[in-house]
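Heads up, the thing below is written out as structure tokens.
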Amino acid sequence: GQSLEQPSEVTAVEGAIVQINCTYQTSGFYGLSWYQQHDGGAPTFLSYNALDGLEETGRFSSFLSRSDSYGYLLLQELQMKDSASYFCAVRDRRSGGYQKVTFGIGTKLQVIP
Amino acid sequence: GAVVSQHPSRVICKSGTSVKIECRSLDFQATTMFWYRQFPKQSLMLMATSNEGSKATYEQGVEKDKFLINHASLTLSTLTVTSAHPEDSSFYICSTDTIGGNTIYFGEGSWLTVV
Numbered sequence: 009g010q011s012l013e014q015p016s017e018v019t020a021v022e023g024a025i026v027q028i029n030c031t032y033q034t035s036g037f038y039g040l041s042w043y044q045q046h047d048g049g050a051p052t053f054l055s056y057n058a059l060d061g062l063e064e065t066g067r068f069s070s071f072l073s074r075s076d077s078y079g080y081l082l083l084q085e086l087q088m089k090d091s092a093s094y095f096c097a098v099r100d101r102r103s104g105g106y107q108k109v110t111f112g113i114g115t116k117l118q119v120i121p
Numbered sequence: 029g030a031v032v033s034q035h036p037s038r039v040i041c042k043s044g045t046s047v048k049i050e051c052r053s054l055d056f057q058a059t060t061m062f063w064y065r066q067f068p069k070q071s072l073m074l075m076a077t078s079n080e081g082s083k084a085t086y087e088q089g090v091e092k093d094k095f096l097i098n099h100a101s102l103t104l105s106t107l108t109v110t111s112a113h114p115e116d117s118s119f120y121i122c123s124t125d126t127i128g129g130n131t132i133y134f135g136e137g138s139w140l141t142v143v
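These protein sequences, in sequence, are chains C and G.
Here the first sequence stands for residues 9 to 121, where the numbers follow the working numbering.
Here the second sequence stands for residues 29 to 143, where the numbers follow the working numbering.
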């Protein structure tokens with residue numbers, strides 16, 4: 009089966025940089041995604057890594073190392089509005105040829121002044 | 029704008045009744061939609077994969093007779109919670125892949141409260 013590990017909570021100061029790590033175990037791996045979810049809302053897509061390396065989108069960057077089954081989300085120039093839960097999610101191949109996305113437990117990021 | 033629209037956003041129903049939640053893909057055809065369930069402060073748990081024109085694929089432990097999924101068209105999938113009980117109270121979210129499959133777009137989610 010699939011399993012993902014990420015920290016449950018992280019606190020960081022406004023303007024700082026924070027890194028949220030994610031390790032995973034799966035078979036038939038396709039890629040690692042990150043999603044942001046504010047309290048009471050639906051998740052929104054942040055990034056997707058299928059290959060090793062760093063993907064940058066504005067203040068957010070995501071990294072993947074397939075050999076280490078590891079990735080991270082890097083948030084720079086933190087703003088108060090970045091306070092939310094961040095989920096890593098693995099896309100892999102399931103029996104029957106379908107793709108499946110499994111989510112981690114989520115990391116609750118609190119940005120403090 | 030929204031890619032996936034979900035309705036209703038909030039619903040309260042009495043124990044023993046059934047509730048239908050709709051998920052629509054906007055501006056594109058979705059052959060596959062996914063239904064998730066999320067309890068407060070927990071992760072999203074995939075309940076089932078909804079395939080247009082065929083039976084849904086349910087995850088282990090999800091009662092297919094309780095959570096009825098219908099995907100009758102390329103833009104609409106519905107989840108019906110039958111004989112709802114208070115323990116079914118949760119946040120239900122649908123999603124769909126983009127064409128090409130690397131991004132998941134979520135509906136707005138539906139808060140179900142069973143009293």
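C-beta: ideal position from N, C-alpha, C; glycine also.
Return the bridge partner residues of C/Thr65 from the DSSP annotation.
C/Phe68
Own chain, CB closer than 7 Å to G/Val90, minus 5 neighbours either side, in chain order
Met75, Ala76
For C/Gln107, the first and last residue of its enclosing beta strand (DSSP E):
107-111
So that I know if they touch, is there some Cβ in chain G lying closer than 8 Å to that of C/Ala50?
yes
Use the C-beta contact count for G/Ala112: other C-beta atoms within 10 angstroms, 16 or more gives buried, fewer gives exposed.
buried
Throw me the rounded Cβ distance for the G/Lys92 and G/Val109 pair, which I believe falls under 8 Å.
Their Cβ separation, rounded to whole angstroms, is 12 Å, which puts G/Lys92 and G/Val109 out of contact at 8 Å.
Can you pull the chain G residues whose beta carbon is under 7 Å from the beta carbon of C/Phe111, in chain order?
Ser71, Leu72
Could you check if C/Thr52 is buried or exposed, using at least 16 other CB atoms within 10 Å of its CB as the buried criterion?
exposed
C/Asp90 in three-state terms, based on DSSP
helix
Relative to chain G, which residues along the segment 58-77 of chain C have a C-beta separation below 9 Å, given in chain order?
Ala58
Taking the alpha carbon of G/Ile40 as the point to measure from, which residue in G/Pro114, G/Pro68, G/Ala58 has its own alpha carbon closest?
G/Pro114
Applying the 10 Å Cβ sphere with the 16-neighbour rule, what's the burial state of C/Val98?
buried
Where does C/His46 land, buried or exposed, given buried means 16+ other C-beta within 10 angstroms?
exposed
Based on DSSP bridge pairs, tell me the residues matched to G/Ile97.
G/Leu107
Let's see if you can read the secondary structure: which residues bound the beta strand (DSSP E) around G/Asp125?
118-125
Take C/Cys96 as the anchor and find which of C/Leu72, C/Glu64, C/Ala20 has the nearest alpha-carbon.
C/Leu72
DSSP three-state label for G/Lys50, please.
Note that residue 50 of chain G corresponds to Glu in the displayed sequence, not to Lys. Looking at G/Glu50 - three-state DSSP - the assignment turns out to be strand.
Can you tell which of G/Thr59, G/Tyr120, G/Gly44, G/Ser53 has its C-alpha closest to the C-alpha of G/Pro36?
G/Tyr120
Buried or exposed: where does C/Gly21 fall if 16 or more other Cβ atoms within 10 Å of its Cβ makes it buried?
A small correction: the amino acid at residue 21 of chain C is Val; Gly does not occupy that position in the sequence shown. Counting Cβ neighbours within 10 Å, C/Val21 comes out exposed, since fewer than 16 surround it.
Among C/Gln14, C/Val18, C/Ala24, C/Phe68, which one has its Cα closest to the Cα of C/Leu86?
C/Ala24
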